[in-house]
Amino acid sequence: MTTGLDHTIVHARDHDASAVFLTAILGLPPPRAVGRFAAVALDNGVTLDYAQAREPFDRAHYAFVVAPGELDAILGRVRERGLPWWADPGHGRPKECYVRDDRRGFYFDDPDGHSLEVLERRA
């Protein structure tokens, strides 16, 4: 049996704006409307389905694996927007990337406070 993730729901104060934010930062195609959701399609077939939510809602962590050359481009877009970024999820090492298992990565927050991580794919 093969099991995979098809989609997950991401709660946001403004689901359209949050989905557009993510696609702009990651360099993905614009989100598309799917029923009441703003769906962000990832390259592995998984979608993040942004849903309009009322406060309060739980903040979550989403980690995105990218090709090594893409990490620098994404970090550039984070910097262009003046967003804070860190080498750790606790925000203790600002403006740094981490290196783990010969892979680089970093964390930043989206407008709704979700913790986003970008890390390089294993070679």
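Everything in the sequence shown is counted per our numbering, starting at 364 for the first residue and increasing by one. For every residue, glycine included, the Cβ atom is placed at its ideal position computed from N, Cα and C. Small disclaimer: the values here were computed from a predicted structure and weren't measured.
Only counting the same chain, and skipping five residues up and downstream in sequence, which positions put a Cβ closer than 7 Å to that of residue i?
i      : result
Phe420 : His374
Going by other Cβ atoms of all chains shown within 10 Å of its Cβ, with 16 needed for buried, is residue i buried or exposed?
i      : result
Pro394 : buried
Gly468 : buried
Ala387 : exposed
Asp412 : buried
Thr410 : buried
Leu368 : exposed
Can you list, in chain order, the residues of its chain with a C-beta nearer than 8 Å to that of residue i? Leave out the 5 residues immediately preceding and following it.
i      : result
Arg422 : Asp475, Gly476, His477 and Ser478
His370 : Ala402, Val409, Thr410, Leu411 and Asp412
Tyr461 : Ala450, Asp451, Arg467, Gly468 and Phe469
Glu418 : Arg376
Grab me the residues of residue i's own chain with a C-beta within less than 6 Å of its C-beta, minus the 5 sequence neighbours each way, in chain order.
i      : result
Arg466 : Leu482 and Glu483
Gln415 : His378
So residue i and residue j are in contact, right, with Cβ under 8 Å, and what is the actual spacing, rounded?
i      : j      : result
Phe471 : Val441 : 5 Å
Do residue i and residue j have their C-beta atoms closer together than 8 Å?
i      : j      : result
Phe384 : Asp473 : yes
Pro392 : Ala404 : yes
Ala426 : Glu459 : no
Ala436 : Gly390 : yes
Under 8 Å, with one C-beta from each stretch per pair, do the stretch 365 to 384 and the stretch 398 to 407 reach the 3-pair mark?
yes
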